[in-house]
Amino acid sequence: MTAYTFAHFRLTQKLFWRTPMSVGVALFFPVLFGGLMPMMLPGGTRDGAPVEVAIMTGVIVMGVAILGFMTLMESFVIRRQLLILKRLRGTELPDLAIFGGEILTVLSVGLLQLVLIVGIARTVHGVELPANPALLVVTVLFGLAVFAAMAVAVSGRIPAQGSTVVVSLPFLLLAIGLSGFAYPVSAFPDWLRTVSSFLPFGRLAEGIGIAYLGRDLAGHAVGVFEGFLVMWPAWLVLAAWLVLSLLAAKRWFKWEPRRG
C-alpha cells in the first residue's frame, strides 16, 4: 500500500507542477495577497494582534482553502469526467493509494505555500516569525486534511467541470470572511461568532493566530505545549468536520463520469 501511495504521489506531483494554472492558483495568488494586502491597510492592531499578523492569518486560511478544497475538488472532477479515475482504478493501485497520493501532494504543496507566505511576511513586512512554529504547521496540515476530505466528498456531487465554481466561490468567500481577513472577528455579531465557532475556517484562524503570537484568545502567554492544549475546542471542531467529510466522501464520491 505504501509503495503504491508514494508512486501515485510522485505522479500527482509531476502533474501539479506541469499545470501552470494549478501552480498559479495554489501558490501565486496566496503569496501575492500576502505581499500586497498589508501595504494597502493602515498600521495598528486588529483583534488584539498587529494588523499585519491578522492579515497574514487570513491569507494562510485562504491559501489552505484554495489548495485543500478548491484545487483538489477541481482536480477530482476533471479526472473523473475524463475517465482518468476510472482507468486508475482499473490498475493495480488500491483506492486508498489513489486518495493518499492526491492528499500527500496537497499536504506537501501546502507546506511550501506556508513557508512562502511566512517568508514574505517576514522579509517584506517585518512580521515576527511564529512564536510556536510546531503549532502553526500542525494547524495548517490539519486544516488541509479537513478541506481535502471535503473536496473528495463534494466532488461526487458536482456533475461537470464548469459547475465547480458554484461551490468553490462561496467556500472561498466563507474562508475570507470568517478568518478575519476581510473583517475583524471582534466586530462579528454574537450570532456570527457562534456560527463561526462551529466551522473550520474560524478555528483554523484561531490556531494560526495562537501560533504566531504565542498567546491564547484571552491574551495570556502560552508555551509550545500549552498552545496545543488551549486549542482543544478547535481540535474537536476540526476533527468532527474531518470525520463527517470522510463519511460523506464514502457515500458521495464517484469514479464514473457524471452526465447532466
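Everything in the sequence shown is counted per UniProt numbering, starting at 1 for the first residue and increasing by one. Built from N, CA and C at the ideal position, the CB exists for glycine as well.
- In this structure, DSSP gives proline 20 a helical state, which the three-state scheme calls helix.
- Contact between isoleucine 78 and leucine 136 fails: their C-beta atoms lie close to 31 Å from each other, not under 8 Å.
- Judged by their CB atoms, alanine 65 and glycine 180 are not nearer to each other than the 8 Å cut-off.
- Distance from the Cα of proline 170 is smallest, within the candidate group Met70, Phe198, Glu256, for Met70.
- Here the alpha carbons of arginine 259 and proline 159 stand approximately 6 Å from one another.
- Rounded to the nearest whole angstrom, the C-alpha separation of glycine 101 and arginine 80 is 16 Å.
- Linking threonine 12 to alanine 3 through their CA atoms gives a straight-line distance of about 14 Å.
- Under the DSSP assignment, alanine 54 falls in the alpha helix (DSSP H) whose first and last residues are 51-65.
- Following the DSSP letters along the chain, one finds lysine 86 inside the alpha helix (DSSP H) bounded by residues 84-89.
- Apart from the 5 residues on each side of it in sequence, serine 75 sits with its Cβ closer than 8 Å to the Cβ of Ser22, Glu102 in its chain, given in chain order.
- Of all alpha-carbon atoms in Pro130, Trp191, Pro200, the one lying nearest the alpha-carbon of leucine 244 is that of Pro200.
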